[in-house]
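Colleague: Residue numbers (this note's numbering): 5 to 697. Glycine included, every Cβ here is placed at the ideal spot set by N, Cα and C. Pasting a structure below so you can have a look.
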C-alpha cells in the first residue's frame, strides 16, 4: 500500500493531523493517486465503492488548490451531508484554511446543489474565484428532482468559469464513458472495498415462517451474538414503526442488564426532545422511546430533527442494535452498519408500488460494513418465497445497474426554471441561445451522441423549448422585447428564489383573484404547492376531525389528504397548540410541524413579494405578521414579544402575559424569574426590550 510519504508535504501534514486514523492509503485510493490525480488540473470522475475513502481524495484536490492561493467548493445533495462535512472540515482551520458555506467568505465552502446553482446564476464574480469544484454523490445527476439542477449548474459553471476543475465523487455508473465525454473528465474506477461485502437473498421459507419481520429478528439476534448492529430498510414510515416495535419485543430477553441501562438513557433522551420544546411527548415519541428501551429504533421524516440526530449518534456509538428506516436514509447521513437488511424491495410511487432500481439496492447494500470496526459486511434482501428469492437474486445480485440518464426534459418544472435562469442572468436572449445552452447539458450530450436519437435531437429540443417559452410568456414570467427575451419582475422573483415555477404560478393566480386576505385560505393554498413539506396522516383513522376543523375555518373540502392535514396542523400551530395536542386531535405526524411552519413562513414572504410585484401593498403588514406567527407558533398578541426577546419562545411568552398581563413595564427582573424557564439573563433581556419598546 502507498503511504503518506508520496504526498506533497503540506497536504500530507494536514491530512495526518486532521485524519489521524489514516496511516496508509487503501488500494482504491492508491489507484486514484497513482493516476496523477493530484498533479494534474484535469477534470476527474472518481468511482469507487461506498466507504472506500472518496471524501479524502476529493479533499486532496481542494487542499492543493487552497494551498496555491485558490478556492474550492465541495457540493453535496442534502443539508444533512452539508452540516456533516462542515463539521469534519472545520479541523482544517487549525492550518489557516477558512471553512464555511459560501465561497465569498471561505477558502473551502460546503454547498448544497441548489446553493451552488444559485451561485452560477447570480454571483459570477464569486464563481470565477472558485478554482476547484468537488461534487459528492455525483451519481444523483440521474435523479428526477435534484439531477437537473446539478447538470445545469455544472453546464453554467463551465461557461462562466472555463478554468474550473471539476472532481466528481461517484458510485460506479453503467454509462461512465458517456458521462466522461460530457464532463470532459478522466474516469478512475476501482472495486476495492475496505470491508468486503457479502450479499444474500433470504426467504421466509428458510426460517419456517411467512412473516418477513421474523427474518429481520433472526438477523438482529445474530448481530447481538456478534456484538454488532443492523440497519433495516422498509418502504413506509408506518412499516419502520411496526418493524422496530416487533423486533424490540422479540429481542428484549436477549439483552444484558448493562445494555438495558444504556438503551434506557437513549429512550430518556428521545422523550426530552418534545419537553424542551414545550410539548408533552406525542404517541410517536412514546412509541419510539419504548422501542429504544430494547435497543431498536425507527427513523423517518415524521420525527423531531433532534430525535433523528440522537438515533444516528447513538447508533454510531454502538448504543442501539437496530434502526428501521425509510430508503431516504441511504443518502442522508453517514450511517454504516455490519448488517443491512432490505426487507422491502418495493417503494410506493404515484403509479402504485414499484420495484426499487438495482442502483438503489446497491446504495443501501453499500451501508454494510463499518470501516475501522468490521472485517466483513452483510447485505440481506428478504423474499417471501423461494421462487421470489430466485427472481430477486437474478435482478439485484447478478443484474446490472441501470443506465444513468438525464431527467432534465422529463422534469417540466426544471426546464421552466432553467430557461428563466438563462434569461434572467442574461446568458440567453433568444430561443436559439436557450437551445444552445440545453445542447451543452448532459441531456443535450446524451441526445446528440445517441445513434438512434441524434436525428430527432434538434427538433425534439426545439419543440420542448418553444412549448416552455409559450407557457412562460403566457404566465407573465418572460416578455419579448426588441432586444430579445427579458425576465419580468415576476420572472426575476422566481429566478432569485428556490421555489418551483408551479408554486410561483399558483400563488400568482391566487394573488390576482384575491379580494380580501383570509389567512386560513392562504395557508391552505400554500399547502397545495409542491414547495411546502407536508405533515402526513399516521394511519387509517378517521379524517373527520381535519374536515371539521377546515369547515370551522370556512374551508370546505371534499377529499382529505396530507395537504389538508398540513393546513389544519399549521392553523393549530399559530393558535399555540403543542405537537402533542395536534397529534392527538388529528392523528398526524406532528413532529414535522415546526419544519412545515418554518417553510410556510418563508412562502408567506414570497407571496407578499408576488403581491408587491403586482403593485398591491395593502396586505404587506398582515403578511409580515402571519409569517412571524408561523415562524414562532404564536397568536397576534405575542408577536412583538417573541421577536423582541431572543430565545424567549412562545411557551414562556404566553406564561408572562398570563401571569403579569400585557403591560410588563412595572415588572422587575426578580418577579420575571418566577416564570418557569426564565433565568437572570433572559429576565434582563425582557426588561431591556420592555423599556425600549
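Looking only at C-alpha atoms, which of 640, 107, 668 sits nearest to residue 693?
Modeller: 668
Colleague: Counting Cβ pairs, one atom from each stretch, are 3 or more of them under 8 Å apart for the stretch 221-236 and the stretch 338-345?
Modeller: yes
Colleague: Less than 9 Å between the C-beta atoms of residue 614 and residue 497, yes or no?
Modeller: yes
Colleague: If contact is defined by three or more beta carbon pairs under 8 Å, each pair taking one atom from either stretch, is the stretch 448-457 in contact with the stretch 179-198?
Modeller: yes
Colleague: What separation, rounded to the nearest whole angstrom, lies between the Cα atoms of residue 216 and residue 347?
Modeller: 7 Å
Colleague: In whole angstroms, what separates the C-alpha of residue 14 from that of residue 34?
Modeller: Answer to the nearest angstrom: the Cα atoms are 18 Å apart.
Colleague: In chain order, what residues of the same chain have a beta carbon less than 8 Å from the beta carbon of residue 603, not counting five sequence neighbours either side?
Modeller: Hits under 8 Å: 535, 536, 537.
Colleague: With distance defined between alpha-carbon atoms, name the residue in 598, 576, 150 nearest to residue 589.
Modeller: 576
Colleague: With a 10 Å radius around its C-beta and 16 neighbouring C-beta atoms as the bar for buried, classify residue 754 as buried or exposed.
Modeller: There is simply no residue 754 to check, as the chain begins at 5 and stops at 697 in what is shown.
Colleague: Looking at the structure shown, is residue 231 part of a helix, part of a strand, or coil, going by DSSP?
Modeller: coil
Colleague: So, under 8 Å CB-CB, residue 596 and residue 539 are touching, yes? Tell me the CB distance rounded to an integer number of Å.
Modeller: Indeed they touch by this definition, with Cβ atoms about 5 Å apart.
Colleague: What is the rounded straight-line gap between the Cα of residue 53 and the Cα of residue 262?
Modeller: 36 Å
Colleague: Going along the chain, which residues of its own chain have a beta-carbon closer than 6 Å to the beta-carbon of residue 461, five neighbours each way excluded?
Modeller: 451, 452
Colleague: For the alpha helix (DSSP H) containing residue 248, list its first residue and its last residue.
Modeller: 241-255
Colleague: Rounded to whole angstroms, what's the CA-CA distance from residue 612 to residue 332? Just pull it up for me.
Modeller: 33 Å
Colleague: Which residue spans inside the stretch 317-378 form an unbroken alpha helix (DSSP H) run of at least 4?
Modeller: For the stretch 317-378, the full-length alpha helix (DSSP H) segments reaching 4 residues or more read 333-336, 362-369 along the chain.
Colleague: Short check: CB of residue 365 to CB of residue 384, under 9 Å?
Modeller: Contact annotation: residue 365 and residue 384 have beta-carbon atoms that are not nearer than 9 Å.
Colleague: Using the Cα positions of residue 616 and residue 573, report the straight-line distance between them to the nearest angstrom.
Modeller: 28 Å
Colleague: Mapping the DSSP letters down to three states, classify residue 308 as helix, strand or coil.
Modeller: coil
Colleague: What is the residue span of the beta strand (DSSP E) that residue 381 lies within?
Modeller: 381-387
Colleague: Per DSSP, what are the beta-bridge partners of residue 539 in this structure?
Modeller: In DSSP, residue 539 forms no bridge with anything.
Colleague: Pick helix, strand or coil for residue 48, following the three-state DSSP scheme.
Modeller: strand
Colleague: Decide if residue 280 is buried, meaning its Cβ has at least 16 other Cβ atoms within 10 Å, or exposed.
Modeller: exposed
Colleague: Quick check on this structure: which residue in 644, 143, 508 has the alpha carbon closest to the alpha carbon of residue 608?
Modeller: 508
Colleague: Ends of the beta strand (DSSP E) at residue 193?
Modeller: 189-193
Colleague: Quick check on residue 408: does DSSP put it in helix, strand or coil?
Modeller: coil
Colleague: Here's the rule I'm using: 16 or more other beta-carbon atoms within 10 Å means buried, otherwise exposed. How should residue 2 be labelled?
Modeller: The structure shown does not extend to residue 2, since the chain spans only 5 to 697, so no value can be given for it.
Colleague: Quick one: what's residue 704 bridged to in DSSP?
Modeller: Residue 704 lies beyond the residue range present for the chain, which begins at 5 and ends at 697; the question has no answer from this structure.
Colleague: In the DSSP output, what is residue 207 paired with across the bridge?
Modeller: 387
Colleague: Examine the Cβ distances between the stretch 128-137 and the stretch 105-117 and report whether three or more of them are shorter than 8 Å.
Modeller: Yes, since at least three Cβ pairs between the stretch 128-137 and the stretch 105-117 fall closer than 8 Å, the two stretches touch.
Colleague: Can you tell which of 591, 634, 568 has the C-alpha that lies nearest to the C-alpha of residue 580?
Modeller: For residue 580, the closest C-alpha among the options 591, 634, 568 is that of 634.
Colleague: When you compare each of 470, 339, 515, 65 to residue 172 by their alpha carbons, which one comes out closest?
Modeller: 65
Colleague: Quick one: Cα of residue 554 to Cα of residue 586, how far?
Modeller: 14 Å
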